[in-house]
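First the structure, in the form of structure tokens, and then the observations on it.
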Amino acid sequence: MERTYIKDLKTKIGQQVTLKGWLQTLRDQKSMQFLILRDKTGLVQIAHWKKGNLELAEVISALGTESALTITGKVVENEVVKLGGIEIQLESLTVENNAELPLPFEPFSDTLPDQDYRMEWRYLDLRRERNRLIFEIQTCAEQAMREYWIENGFIEIHSPKIMGTPSESGAELFRVEYFDRTAYLAQSPQFYKQMAQAAGFERIFEIGPVFRADPSFTSRHMTEFTGVDFEISWIESHEDVMAFTEKWLAYVYQAIDAKFHDAIKEYFDVDFEVPSVPFPRLTMAEAYHILKGMDYKLPPERKGDLDPGAERAIGEYIKQTFGHDFVFIKDWPFTVRPFYHMLHEDNPTLTKSFDLLGRGLEITTGAQREHRYEKLARQALDKGLTLEPIQNYLNFFRYGCPPHGGLGLGLSRLLMVMLNLPSIRDAVYLFRGPNRLEP
RNA sequence: GGGGGCGUGGUGUAGUGGUUCAACAUGCGGCCCUGUCAAGGCCGAGACCGCGGGUUCAAAUCCCGUCGCUCCCGCCA
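Going by the working numbering, the first sequence wraps up at 439, each residue one higher than the last.
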């Protein structure tokens with residue numbers, strides 16, 4: 001018999017249906033048993049008169065909550081039933097997989113175990129609709145990103161995650177055995193994205209894993225995460241990248257708003273808003289001026305940079321002044337940027353780069369890249385790098401590479417901002433950190 | 001890598017020197033209840049208070065070390 005979803009039951013009054021789902025609650029009384037069944041569309045009560053089928057009553061009595069069940073019964077209206085005024089009169093029940101008792105924890109309890117413990121039993125934690133919703137929203141976000149890219153002529157690439165040479169810095173790379181050599185896990189698709197520019201792809205994107213060997217113990221870092229990257233050729237400056245980014249993100253927010261606005265309010269208590277375009281922009285110099293006005297004292301050793309406290313302060317300022325969740329901070333000093341960011345012609349101490357902050361959290365770094373071989377090599381040397389290890393990268397810029405720029409965005413960080421999640425561990429399917437390799 | 005906080009039955013918490021300090025909630029087991037609905041009632045099992053050492057007549061409670069978790073900083077997405 002064809003499966004019916006719980007949300008569709010009101011159209012099936014009087015009919016026999018088959019439901020599949022999990023046992024949320026069992027109320028086992030003297031003469032009756034009430035089962036609350038949950039599927040991804042809702043909850044419904046199932047009623048069973050014990051004397052009608054004593055054998056079945058015994059099976060039901062032995063069920064553990066969270067057991068996976070297939071049940072068949074007749075849909076009846078019953079005003080007495082508080083759960084939607086509908087119930088199923090049970091006819092047959094199959095235990096697909098009984099849940100052992102006791103459960104490691106009760107996923108639907110008012111008080112939940114701490115996050116680390118829940119991670120051990122992540123599949124139980126994910127049974128709550130609030131958690132499943134995060135990944136439905138992530139799916140929607142990725143689809144909207146792709147739609148926007150594809151409509152704008154982008155090509156999707158999948159760059160390798162195993163690399164032979166440390167690329168950007170080397171310090172944060174995981175080393176892996178590769179037959180009789182050492183290889184490294186990619187900490188960014190940066191160089192491969194740029195290769196696609198030299199290849200004449202003009203506009204490319206990639207959504208894929210990124211590995212960082214940083215022993216970071218914060219609520220916003222992971223050693224493996226999903227990076228969202230794109231790169232565009234023939235730009236005039238980083239302003240073009242920012243202009244594309246804000247329209248792209250607004251499109252993503254629109255798609256999510258259309259589908260999940262009410263659910264986000266219900267489960268995350270967030271009034272989801274599509275951000276207005278353009279996003280506010282601040283130069284680093286302006287950001288410093290604002291921080292000074294707010295009496296935020298930046299540690300002196302952070303010259304030219306922002307610390308997380310400063311980012312939160314700026315986010316707060318932007319929210320109050322412009323009512324906006326996002327702000328581009330642009331024109332960062334070369335001292336705090338990688339060697340491949342392009343310098344301003346009229347002020348070579350500053351780069352044509354930007355960060356995007358969402359609610360005071362850094363979710364993106366982008367820039368126009370330096371595509372002129374001599375200048376790029378000079379900048380690498382100025383950063384104290386030697387050219388030999390990055391020669392393959394430098395070669396991209398020898399045979400007609402167009403001017404280009406792009407960005408990298410942390411997918412889980414974007415979800416944190418969208419849903420106001422307190423930790424990135426809420427926003428990722430399975431967390432990987434310095435002390436977390438399982439499950 | 002540096003700093004702060006926390007660590008009590010399966011889970012979440014209370015207790016912060018002794019005398020009802022090992023408690024409460026939830027979950028689990030049993031019994032009861034004419035249809036319950038965050039079900040309810042009664043009974044029961046379950047923690048040597050992370051681990052090691054120390055102070056004290058006396059330690060879950062104070063001190064030191066250690067491990068684990070967590071947050072902040074550094075680093076970044």
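Note that CB positions come from ideal geometry on N, CA and C, so glycine has one too. In this text, all values refer to a predicted model and were calculated from it rather than measured experimentally.
Secondary structure in the segment 198–243: the beta strand (DSSP E) runs of 3 residues or longer, each lying completely within the stretch, are 203–211, 224–233 in chain order. Per the coordinates, the alpha-carbon of residue 438 lies some 36 Å from the alpha-carbon of residue 313. In the DSSP assignment, residue 117 falls outside any beta strand (DSSP E) and within the unbroken alpha helix (DSSP H) covering 115–120. When DSSP states are grouped into helix, strand and coil, residue 191 belongs to the helix group. Distance from the CA atom of residue 309 to the CA atom of residue 231, rounded to whole angstroms, is 30 Å. Note that the segment 62–81 touches the segment 16–33; at least 3 beta-carbon pairs, one per stretch, sit closer than 8 Å.
Residue 48 sits buried, since 16 or more C-beta atoms from the chains shown fall within 10 Å of its C-beta. In this structure, the beta-carbon distance from residue 59 to residue 93 falls below 8 Å. Remark: C-beta atoms of residue 227 and residue 189 approach each other more closely than 8 Å. In the three-state reduction of the DSSP assignment, residue 402 falls in the coil class, being assigned neither a helical nor a strand state. Under the Cβ criterion (8 Å, minimum of three pairs), the segment 246–259 does not count as touching the segment 282–302.
Beyond the five residues adjoining it in sequence on each side, residue 413 comes within less than 7 Å, by CB distance, of 220, 361, 363, 424 in the same chain, given in chain order. Secondary structure of residue 176 (DSSP, three-state): strand. C-alpha of residue 267 to C-alpha of residue 403: approximately 44 Å in a straight line. In this structure, DSSP gives residue 48 an extended state, which the three-state scheme calls strand. Secondary-structure assignment with DSSP links residue 164 through no beta bridge to anything.
Excluding its 5 nearest sequence neighbours in each direction, residue 211 has C-beta neighbours in its own chain below 8 Å: 161, 173, 174, 185, 186, 187, 223, 224, listed in chain order.
For residue 325, the three-state secondary structure derived from DSSP is coil.
Under the three-state reduction of DSSP, residue 395 is assigned to helix. Cα atoms of residue 329 and residue 306: separation of roughly 10 Å, rounded to the nearest angstrom. Contact check for residue 91 against residue 72 passes: the beta carbons are separated by less than 8 Å. Under the criterion of beta carbons closer than 8 Å, residue 339 and residue 292 do not qualify as touching, at roughly 30 Å.
Two segments are said to touch when three or more pairs of C-beta atoms, one from each, lie closer than 8 Å; by this definition the segment 334–349 touches the segment 367–382.
In the three-state DSSP reduction, residue 86 falls in the strand class (E or B). Assignment of beta-bridge partners to residue 368 by DSSP yields 405. In the DSSP assignment, the residues bridged to residue 33 are 28, 48.
Non-local C-beta neighbours of residue 278 in its own chain, meaning closer than 6 Å and more than five positions away in sequence, comprise 246, ordered along the chain. As a beta-bridge residue in DSSP terms, residue 22 pairs with 38, 68.
Cβ-Cβ separation between residue 280 and residue 324: approximately 5 Å, consistent with a contact (criterion under 8 Å).
Per the coordinates, the alpha-carbon of residue 31 lies some 11 Å from the alpha-carbon of residue 53. Note on geometry: alpha-carbon atoms of residue 159 and residue 194 lie some 11 Å from one another.
With respect to residue 176, residue 366 sits apart: the two C-beta atoms are not nearer than 8 Å.
The beta carbon of residue 421 sits closer than 6 Å to the beta carbons of 427 from its chain, once the five residues preceding and following it are set aside; these are given in chain order.
Between residue 234 and residue 202, the gap from beta carbon to beta carbon is short of 8 Å.
In this structure, residue 122 and residue 430 form a Cβ contact; the two beta carbons are roughly 6 Å apart against a cut-off of 8 Å. Straight-line spacing of the CA atoms in residue 386 and residue 155 works out to 32 Å.
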